[in-house]
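Worksheet: the structure to be examined is printed underneath.
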Amino acid sequence: MDKDIATPVRTRAILEKYGFSFKKSLGQNFLIDTNILKKIVSFADLTENSGAIEIGPGIGALTEQLARSSKKVIAFEIDQRLLPILQDTLSPYENVKVIHKDVLEADVKTVMEEEFQGLDDVMVVANLPYYVTTPIIMKLLEERLPIRGIVCMLQKEVADRIAAKPGTKEYGSLSIAVQYYTEAETVMIVPKTVFVPQPNVDSAVIRLTKRKQPAVVVKDEGFFFQVTKASFAQRRKTLLNNLTSQLPDGKQKKEEILSALNTSGIDPTRRGETLSLEEFGRLADELYSYYH
9 MDKDIATPVR
19 TRAILEKYGF
29 SFKKSLGQNF
39 LIDTNILKKI
49 VSFADLTENS
59 GAIEIGPGIG
69 ALTEQLARSS
79 KKVIAFEIDQ
89 RLLPILQDTL
99 SPYENVKVIH
109 KDVLEADVKT
119 VMEEEFQGLD
129 DVMVVANLPY
139 YVTTPIIMKL
149 LEERLPIRGI
159 VCMLQKEVAD
169 RIAAKPGTKE
179 YGSLSIAVQY
189 YTEAETVMIV
199 PKTVFVPQPN
209 VDSAVIRLTK
219 RKQPAVVVKD
229 EGFFFQVTKA
239 SFAQRRKTLL
249 NNLTSQLPDG
259 KQKKEEILSA
269 LNTSGIDPTR
279 RGETLSLEEF
289 GRLADELYSY
299 YH
């Protein structure tokens with residue numbers, strides 16, 4: 009079907025028509041495989057009553073597939089040079105709106121309220137620019153947007169860290185931060201050959217399904233994340249060493265930190281990567297009383 013944007017021939021023709029050159033600083037890698045795009049969209053389980061948010065639509069390859077599978081698509085594009093291209097390539101689809109804005113600076117909640125009236129199912133589906141993947145995902149989760157979840161393509165190494173289980177070398181504060189809000193699973197590995205230009209790394213598609221409630225209930229969310237971050241500061245160090253060197257006044261509060269670890273039933277010589285979210289929740293709550 010040559011009318012798909014995401015074929016090598018059509019992509020090349022569009023780029024040549026507009027004299028478009030890739031900006032390394034924006035992490036632009038366009039997908040040129042329609043089957044993979046269709047698969048990505050299928051992981052989002054969209055219906056004709058779904059809204060879709062896309063970040064970095066490029067020349068509209070994924071946007072087109074989303075437009076065919078959902079009621080409405082809102083796409084945030086930072087690169088002004090792509091706006092006329094998108095206007096052209098997406099002209100057959102009246103249910104797409106492109107917003108020229110950096111999603112990290114956008115008020116996404118307000119945009120959703122204005123654009124998705126009457127739609128109570130919204131998914132974020134995106135081929136994320138690799139250099140800002142983590143800040144984008146964290147923004148979408150921390151702002152507690154009314155979305156069902158996120159299906160996104162990102163660097164395989166980052167996907168591995170997000171979906172990692174305790175006790176693995178990939179597991180860290182990013183795994184905990186994302187899994188606190190969502191259930192995370194890697195649903196597909198994507199070879200670098202299906203992009204133009206080819207990135208130097210393999211990619212993966214990850215599906216994050218928002219939990220109704222966070223994975224653990226804690227006294228103070230900010231403090232919980234502070235404790236998890238501190239626990240991974242130096243991976244070879246024990247929990248006790250990391251917490252005393254990373255938490256405020258940690259060295260003076262060493263006895264209290266030791267006591268919190270013992271009270272929450274956690275051996276002080278364990279390392280951060282062996283703790284589950286529940287254990288981190290217990291520990292943060294025990295430590296909280298010494299800090300507030």
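If you're matching positions, the sequence shown starts at 9 in the working numbering and goes up one per residue. Quick reminder that beta carbons are idealized off the backbone N, C-alpha and C, glycines included.
Selected residue, minimal CA-CA separation from Tyr296, among Ser284, Pro256, Asp275 and Gln36: Pro256
Limits of the beta strand (DSSP E) - the one that Gly230 falls within: Careful: Gly230 lies outside any beta strand (DSSP E), inside the alpha helix (DSSP H) at Glu229 to Ser239.
Helix, strand or coil at Asp129 according to DSSP, with G and I counted as helix: strand
Three-state class that DSSP yields for Glu193 in the structure shown: strand
Between the CA atoms of Lys245 and Tyr139 - distance to the nearest angstrom: 29 Å
Lys220 versus Gly230, Glu191 and Thr236, residue with shortest Cα-Cα distance: Glu191
Local conformation of Arg243 per DSSP, three classes: coil
Asn250 classed as buried or exposed, judged by whether at least 16 other C-beta atoms fall within 10 angstroms: buried
Beta-carbon proximity list for Ala241, same chain, < 6 Å, skipping 5 on both sides: Asn250 and Gln254
Straight-line Cα distance separating Phe233 from Ala292: 9 Å
In DSSP terms, what Arg215 is bridged to: Val159 and Glu193
Backbone CA spacing between His300 and Asp228 [nearest angstrom]: 10 Å
Integer-rounded CB distance, given that Phe51 should sit under 8 Å from Ser159: The residue you asked about is not Ser; residue 159 is Val in the sequence shown. Contact flag correct, Cβ pair sits at about 5 Å.
Beta strand (DSSP E) segment containing Ser6, residue limits: Since the first residue of the chain shown is 9 and the last is 300, residue 6 is not available in this structure.
C-alpha distance - Asp10 paired with Glu102, whole-angstrom precision: Residue placement at Asp10 cannot be trusted, given a pLDDT of 47 that sits under 50; what the coordinates show is reported in the next sentence. Taking the straight line from one Cα to the other gives about 20 Å.
Whole-number beta carbon distance between Phe84 and Ala60, since they are thought to touch under 8 Å: Not confirmed; about 12 Å, so no contact.
Rounded C-alpha distance that separates Ile184 from Leu285: 7 Å
Exposure label - Lys105; buried when at least 16 CB within 10 Å: exposed
Other residues of its chain near Lys173: CB distance less than 7 Å, five sequence neighbours each side excluded: Tyr179
Cβ contact check for the segment 195–212 and the segment 148–156: 3 or more pairs under 8 Å: no
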